[in-house]
Structures are given as C-alpha cells and as structure tokens.
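Going letter by letter, the sequence shown gives residues 37 to 421 in our numbering.
Structure, as structure tokens:
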Amino acid sequence: MWKTTKKLALRLVPQRRAGGIWPAFRGDRWHVPSSQLGTAGATFTADRLYALPICVPVTAVCQALAVNVTTADPLSSIRLGIYADSGGVPGALLIDAGVVSGATVKEASLALTRWLPAGWYWLACISDDAPVVTGLNTATVSLLGVATNIGTDVNNGVYIDVAYGALPDPFGGPVTYFAATIPTVLLRATAGLEDVSDGWHITQNIGEEVRLQPPQVSGRYYGCPLITAAYNTRTLALVDATMYAMLFYVNESHAYDRIAVHVTTRTVPSNIQLGIYEDSAGVPGNLILDAGNVSGASTGGKEININQTLARGWYWLAAVSDSTPTLRTYQGSSMFGWLGATSGTDTAYYGGMSVAQAYGALPTPFTAGAVLTATGVPRIMLRAT
37 MWKTTKKLAL RLVPQRRAGG IWPAFRGDRW HVPSSQLGTA GATFTADRLY
87 ALPICVPVTA VCQALAVNVT TADPLSSIRL GIYADSGGVP GALLIDAGVV
137 SGATVKEASL ALTRWLPAGW YWLACISDDA PVVTGLNTAT VSLLGVATNI
187 GTDVNNGVYI DVAYGALPDP FGGPVTYFAA TIPTVLLRAT AGLEDVSDGW
237 HITQNIGEEV RLQPPQVSGR YYGCPLITAA YNTRTLALVD ATMYAMLFYV
287 NESHAYDRIA VHVTTRTVPS NIQLGIYEDS AGVPGNLILD AGNVSGASTG
337 GKEININQTL ARGWYWLAAV SDSTPTLRTY QGSSMFGWLG ATSGTDTAYY
387 GGMSVAQAYG ALPTPFTAGA VLTATGVPRI MLRAT
C-alpha cells in the first residue's frame, strides 16, 4: 500500500473581499462573539453547553480558543469548541478543542489549527462545575430575535443541558435562548491565508460576502439588528400624525408572516398603521407593503398577518398613529451609529427617522423631509417563516 505525505505551508495573500460587513481577523488579537457590546462576570451552570454566534468575515485559520477565568473553582474544568451554523442555531461539531482548567484565575487557552471558510459559527463551552469567567452581558445587539411579539429579553446565545464530557455532535436541541450574562469564548484567528501543498496552490474561499447576522429562525420575531434590546424598560409615546421608520436587515431572501408592535400604555381611541419600505440610499423609499392597522386602545402585542418575501438587503419598518399610545422601543443610547450624525459635534445615536404624516394609508414614496430621531422609534418586528 502506498502512503503519501504532504507538507503544508502557509503564506499571506491579499484579502479579496466582496463587500463583507465585518472587518477581517488579525492573528494578534482575540475576537469575541459578534453580538458582544460589553462584558461582565458569568458563572457556569454545570453540565450546560453554551454557544454564542461569531462571524468569520474572511476565510481564516484558527489559532486558539480561550476563556478568561476571573473566579477560580477548585477542580473545575472547561471544555471549548466550535460548531457550524445550522439555520440560525448550532449544528455540526467542527472542533472539540479540549479542556482548560477553571481552578486558577488566568486566561486559559488552547492552541489549534483549523480552516474556517467565511461564514457564521458558534463558539461553545461547558464546565463540570461553577467557575466564573468573563461573559457577554445583557447589553448586546439583538441578532437572535425574540420568541414573542412582547418579548423583552436580549437573546445573546443558546444552550442545552447535557452531561459534561466530549462535545456532542451535532449540538442537539431544542435549544434554549439565553438572555442573562453568558460565558464568553474568545477566538484567535488569522485572515488572508492560503495554503500551498506540494506545489499546488489551493485558493480558499475568501471573497464571499458575509451577512450581518446569523440566519433567521422560523417563528422568531426580528427587529433592527443594530440596536440593543433593553425592551423591558424602554417605551415611546407616539406623536399623533407622525410617521416613524426603523431599519431592518434581511440576510438572505426570506418570507415573513407577521408584522408586530407592543402597546404598553393604551390611548382610547387609537390606531396604528404598519408597513414596509424599501431603502433609498440610507432613507426610506418606495412602499413595499401597507399591512393595515392595529388598535392602540388596549395593551399587549398587536400584529397583522402578512405574506411578504423580502430579498437580501436593507429595509425600513414604518408606523403612524392617529393618537398617542405608548409602544415598546429600543435602548436609545446603545446602538451602532450606522445612520451617521447631523454634524461633527453631534454625539447622539440614531435608531430611525420620523416625519409629519397624517394617519391613514401609507404614502409612496415615504414622505419627504424625514429627520433622524435620537428619542426613539417604536419597536416594529417581523416574524420569520
């Protein structure tokens, strides 16, 4: 029997990107889950496998996984790994990197070598006890959606309960979405590498555009992925005859069967007209869907059945009322500033736009003269099918 041995060499190459949103990885840095905006101490629950989403924007070679142990737990161990994405949840096991100790306060890392094509993955960890590590706190962007039209949690990861040991393959389920502080795994990887084996030049797929968020899961509600979802304390009293618009992103062509808002304080009588607009160079453009109206005269989740497929891209979800009901909104000060600012001295962060508009059927195109709003926009959501 013949046996062939190949020597693998690595060299840096230009990064041929095709408009991806996330910046490329550098091998001298640790990269955190893509929804992370802040850190806090996270205590493991023993025999619970956690997973957090991370975007690998350009094909990269993984160098290490790590956790930062901040409070030791004698004799505790932590196993680390990486799962492939499977439609917005962890799927097949890609790497069971092994075990680090949770018994000493330190950065606990494991070296590894693995190619990861551009795409979404899940960083996973499980412990046999309760060490405390640096975790992803609840101030995070809403990449994973919520379960209901009145959901107030920030779902920043998922977990399953499973006996500690070798990581299961596949991840398994059903998963539970996690809204509290969750243990964070860090990834060190280098983008812009190709391999050369026995003189053959093997080109990795590093030109693929990677989407802003993981695939959307059927039955979950999604709003703007650029804003933190401190839903339980944030509300907005609508101004009557004012139309509001909130950014919405579609990763890939997707169908939606509900458009929804959450009324927290009623106004009798009141109605709220809902719809979807195209994006037109950073502002709402032509009307795609006038979904009709819901009542603001009673509290609770209000939604309209729709049958709307949206192609990949940016959109605006809109609402206008004939009165002043109060709706659930987003954390006004915790969002990416992707809508820009009004001047060089402007320190506000904007979640949407608003404009004077009489209540009724939604106009097309969107009413001219809309301005950025830092005081909040109503949380409008679509349910994925």
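C-beta: ideal position from N, C-alpha, C; glycine also.
1) Going residue by residue through the stretch 67-126, where are the continuous beta strand (DSSP E) segments of at least 3 residues, counting only ones entirely within it?
2) Can you tell me where the beta strand (DSSP E) with residue 385 in it begins and where it stops?
3) Taking buried to mean at least 16 other C-beta atoms within 10 Å of its own C-beta, is residue 140 buried or exposed?
4) Straight-line CA distance for residue 251 to residue 278?
5) On the three-state DSSP scale, how would you describe residue 269?
6) Touching or not, the stretch 326-346 and the stretch 372-392, by the rule of three or more beta carbon pairs under 8 Å?
7) Which residue wins for smallest C-alpha separation from residue 212, given the options 415, 202, 198 and 225?
8) Decide if residue 376 is buried, meaning its Cβ has at least 16 other Cβ atoms within 10 Å, or exposed.
9) Provide the residue(s) that pair with residue 141 in DSSP beta bridges, ordered along the chain.
10) Between residue 357 and the rest of its own chain, which residues show a CB-CB distance below 7 Å, the 5 nearest in sequence each way excluded?
11) Taking the alpha-carbon positions, what's the residue 109 to residue 284 distance?
12) Which stretch, first to last residue, makes up the beta strand (DSSP E) that contains residue 314?
13) Please state the DSSP three-state secondary structure of residue 347.
14) Shortest alpha-carbon distance to residue 304 belongs to which of 362, 352 and 289?
15) Can you tell me which of 282, 258, 310 and 271 puts its alpha carbon nearest to the alpha carbon of residue 290?
16) Drop a sphere of 10 angstroms on the beta-carbon of residue 220, count the other beta-carbons inside from all chains shown, and report buried for 16 or more, exposed for fewer.
17) According to DSSP, simplified to helix, strand and coil, what is residue 209?
18) Go ahead and pull the three-state DSSP assignment for residue 171.
19) Three or more beta-carbon pairs under 8 Å between the stretch 123-130 and the stretch 64-82, yes or no?
20) Rounded to whole angstroms, what's the CA-CA distance from residue 406 to residue 286? Just pull it up for me.
21) Pull up the DSSP beta-bridge partners for residue 157, would you.
22) Identify whether residue 403 lies in helix, strand or coil by the three-state DSSP scheme.
23) Under three-state DSSP, which class holds residue 162?
24) So what's residue 339 in DSSP terms, helix, strand or just coil?
25) Determine the DSSP secondary structure at residue 320, reduced to helix, strand or coil.
26) Quick check on this structure: which residue in 184, 67, 326 and 336 has the alpha carbon closest to the alpha carbon of residue 399?
27) With distances taken between CB atoms, is the gap from residue 69 to residue 90 smaller than 8 Å?
With the structure as the only source:
1) 75-79, 84-92, 96-107 and 113-121
2) Start at 1 with the first residue of the sequence shown, and residue 385 comes out as number 349. No beta strand (DSSP E) holds residue 385; DSSP gives it neither H nor E.
3) Your numbering for residue 140 matches position 104 in the sequence shown. The residue is exposed, with fewer than 16 neighbouring Cβ atoms inside 10 Å.
4) Here residue 251 refers to the residue found at position 215 when the sequence shown is read from its first residue. Here residue 278 refers to the residue found at position 242 when the sequence shown is read from its first residue. In this structure, the CA atom of residue 251 is about 33 Å from the CA atom of residue 278.
5) Locating residue 269 in the sequence shown gives position 233, counting from the first residue. Taken through DSSP and simplified to helix, strand or coil, residue 269 comes out as helix.
6) no
7) The count along the sequence shown starts at 1 and reaches residue 212 at position 176. Comparing Cα-Cα distances from residue 212 to each of 415, 202, 198 and 225, the minimum goes to 198.
8) In the sequence shown, counting from the first residue as 1, residue 376 sits at position 340. It is exposed - the Cβ of residue 376 has fewer than 16 other Cβ atoms within 10 Å.
9) Taking the sequence shown and counting its residues from 1, the one referred to as residue 141 is at position 105. Looking at the DSSP output, residue 141 bridges to nothing.
10) Here residue 357 corresponds to residue number 321 of the sequence shown, with the count starting at 1. Around residue 357: 274, 276, 306, 307, 308, 332 and 395.
11) On the sequence shown, position 73 is the one that residue 109 refers to. On the sequence shown, position 248 is the one that residue 284 refers to. Their Cα atoms are separated by approximately 43 Å.
12) Counting from one through the sequence shown, the residue named residue 314 turns up at place 278. Where residue 314 is concerned, the enclosing beta strand (DSSP E) stretches over 307-316.
13) In the sequence shown, the residue the question calls residue 347 occupies position 311. DSSP places residue 347 in coil when its eight states are reduced to three.
14) Reading the sequence shown from its first residue, position 268 is the one you call residue 304. Answer by Cα proximity: 362.
15) For the purposes of this step, residue 290 is taken as residue 254 along the sequence shown, with counting starting at 1. The candidate whose alpha carbon is nearest that of residue 290 is 258.
16) Translated into the one-based positions of the sequence shown, residue 220 becomes position 184. With 16 or more other Cβ atoms within 10 Å, it is buried.
17) Locating residue 209 in the sequence shown gives position 173, where the first residue counts as 1. DSSP places residue 209 in coil when its eight states are reduced to three.
18) Looking up residue 171 in the sequence shown gives position 135. It is a strand residue.
19) Output reads no: the stretch 64-82 does not touch the stretch 123-130.
20) The residue given as residue 406 occupies position 370 in the sequence shown. The residue given as residue 286 occupies position 250 in the sequence shown. C-alpha separation (whole angstroms): 23 Å.
21) Here residue 157 is taken as the residue at index 121 of the sequence shown, counted from 1. The partner list for residue 157 (beta bridge, DSSP) reads 90 and 120.
22) Mapped onto the sequence shown, residue 403 falls at position 367. Residue 403: coil per DSSP, three-state reduction.
23) The sequence position of residue 162 within the sequence shown is 126, counting from 1. Residue 162: strand per DSSP, three-state reduction.
24) Position 303 of the sequence shown holds residue 339. Residue 339 sits in a strand when the DSSP states are folded into three classes.
25) The residue given as residue 320 occupies position 284 in the sequence shown. Strand, per DSSP.
26) Position 363 of the sequence shown, counted from the start, is the residue given in the question as residue 399. Checked all of 184, 67, 326 and 336; the closest Cα to residue 399 is 326.
27) What you label residue 69 is simply residue 33 of the sequence shown in a count that begins at 1. What you label residue 90 is simply residue 54 of the sequence shown in a count that begins at 1. Yes, the Cβ-Cβ distance between residue 69 and residue 90 is below 8 Å.
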